[in-house]
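The structure under discussion appears below in the form of structure tokens.
Protein chains in written order, with this note's numbering: chain A, 1 to 92; chain B, 93 to 251.
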């Protein structure tokens with residue numbers, strides 16, 4: 001399940017409210033809940049399609065499984081559902 | 093190339109269990125004894141998947157968390173500002189584009205490169221960036237990210 005780098009960025013920022021974290025070296029995004037960062041996802045140097053191998057590493061940073069990520073991409077998991085996953089996994 | 097002690101990580105449903113073993117020696121598993129030849133290079137310890145499939149019994153192999161290419165250790169940092177307190181175990185996988193992807197199971201940083209050396213350098217860069225980022229923002233991160241920071245403080249130190 002490849003996904004374009006731009007599409008992934010749009011998904012994280014546009015739907016799941018990740019915010020770009022300024023930095024000189026790496027392009028990274030953080031999810032903030034209650035004023036605290038709860039996840040950091042690096043999309044550094046990624047262009048074009050991201051294949052499953054690399055996507056697997058990125059979904060680990062988001063604290064979701066590949067199956068859950070597919071649900072997020074297909075809009076089956078709403079932002080509140082994502083937060084519920086994070087809560088269930090003890091990441092909040 | 094040198095030989096010496098190394099650590100084999102056996103995947104568990106809840107995490108990892110580390111088993112020390114001598115490279116080229118034998119390891120006692122739960123109910124099996126298996127031999128895993130390996131080699132230690134300057135930066136990494138690398139197990140060849142083909143070798144493993146030939147030498148490891150199937151039930152044990154299923155417990156091993158191995159990508160197509162296997163596991164490696166980041167032994168040293170190239171950064172002049174930091175050094176490793178202990179090696180970091182990384183998985184190594186091939187992407188569809190043929191590039192290698194290294195990643196760890198603690199803070200989930202990754203590195204991508206045309207070669208293993210390139211992927212390790214990229215991993216190190218991301219790891220140090222994350223370490224500095226969390227250290228700088230330690231008062232505004234979740235408990236879990238604090239645990240990740242604690243792990244990094246245990247493996248990375250300022251020179």
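Positions of the beta carbon are idealized from the N, C-alpha and C atoms, including for glycine.
8 Å contact criterion, which residue 40 of chain A and residue 222 of chain B should meet: CB distance rounded: With a Cβ gap of about 7 Å, residue 40 of chain A and residue 222 of chain B count as contacting.
Exposure label - residue 103 of chain A; buried when at least 16 CB within 10 Å: Nothing about residue 103 of chain A can be read from this structure; chain A reaches only from 1 to 92.
Cα-Cα separation between residue 7 of chain A and residue 218 of chain B, rounded to whole angstroms: Between residue 7 of chain A and residue 218 of chain B, the C-alpha separation is close to 22 Å.
Within-7 Å CB hit, residue 83 of chain A to chain B: It does not; no Cβ of chain B falls within 7 Å.
Beta carbon of residue 194 of chain B nearer than 7 Å to that of residue 176 of chain B: Contact: no.
Element boundaries [beta strand (DSSP E), containing residue 195 of chain B]: Residue 195 of chain B -> beta strand (DSSP E) spans 192–195.
Cβ pair residue 43 of chain A, residue 27 of chain A closer than 7 Å: Taking 7 Å as the Cβ cut-off, residue 43 of chain A and residue 27 of chain A qualify as a contacting pair.
Beta carbon proximity, residue 221 of chain B to chain A, threshold 7 Å: It does: the Cβ of residue 221 of chain B has a partner Cβ on chain A nearer than 7 Å.
Residue 199 of chain B beta carbon less than 7 Å from that of residue 240 of chain B: Contact flag set, yes.
Rounded separation between residue 36 of chain A and residue 234 of chain B - CA only: Distance between the alpha carbons of residue 36 of chain A and residue 234 of chain B: 6 Å.
Reference residue 180 of chain B, options B/188, B/189, B/215, B/251, closest by Cα: Comparing Cα positions, the closest option is B/215.
Inter-residue Cα distance where the pair is residue 90 of chain A and residue 73 of chain A: Residue 90 of chain A and residue 73 of chain A: Cα-Cα distance of roughly 22 Å.
Positions along the region 22–37 of chain A whose CB lies within less than 8 Å of some CB in chain B: Of all residues in the region 22–37 of chain A, the ones placed with a Cβ closer than 8 Å to any Cβ belonging to chain B are 23, 25, 26, 28, 33, 35, 36, 37, in chain order.
Residue environment, residue 19 of chain A, which counts as buried when at least 16 other CB atoms sit within 10 Å: So residue 19 of chain A ends up on the exposed side.
7 Å Cβ cutoff met for residue 49 of chain A and residue 2 of chain A: Cβ distance < 7 Å, so residue 49 of chain A and residue 2 of chain A count as in contact.
Selection of the region 38–62 of chain A by Cβ proximity to chain B, strictly under 7 Å: Those residues of the region 38–62 of chain A that come within reach of chain B (Cβ to Cβ, closer than 7 Å) are 38, 40, 42, 44, 51, 53, 54, 57, 60, 61.
Cut-off 7 Å between Cβ atoms - residues of its own chain near residue 202 of chain B, not counting five sequence neighbours on either side: Residues of the same chain with a CB within less than 7 Å of the CB of residue 202 of chain B, apart from the 5 flanking positions on each side, are 193, 194, 195, 215, 218 in chain order.
Which listed residue (B/174, B/197, B/206, B/242) has its alpha carbon closest to that of residue 69 of chain B: Absent from the structure is residue 69 of chain B, since the part of chain B shown begins at 93 and ends at 251.
Within chain B, the residues that residue 8 of chain A reaches when beta carbons sit closer than 8 Å: The CB of residue 8 of chain A never comes closer than 8 Å to any CB in chain B; the least such distance is about 14 Å.
Cβ pair residue 79 of chain A, residue 16 of chain A closer than 7 Å: Their beta carbons are under 7 Å apart, which means residue 79 of chain A touches residue 16 of chain A by this criterion.
Residue 54 of chain A (DSSP reduced to helix, strand or coil): Looking at residue 54 of chain A - three-state DSSP - the assignment turns out to be helix.
Sheet register partners of residue 183 of chain B (DSSP bridge): Residue 183 of chain B is bridged by DSSP to B/163, B/195.
Nearest neighbour of residue 227 of chain B, chosen from B/242, B/213, B/211 [CA to CA]: For the set B/242, B/213, B/211, the Cα lying nearest the Cα of residue 227 of chain B is the one of B/242.
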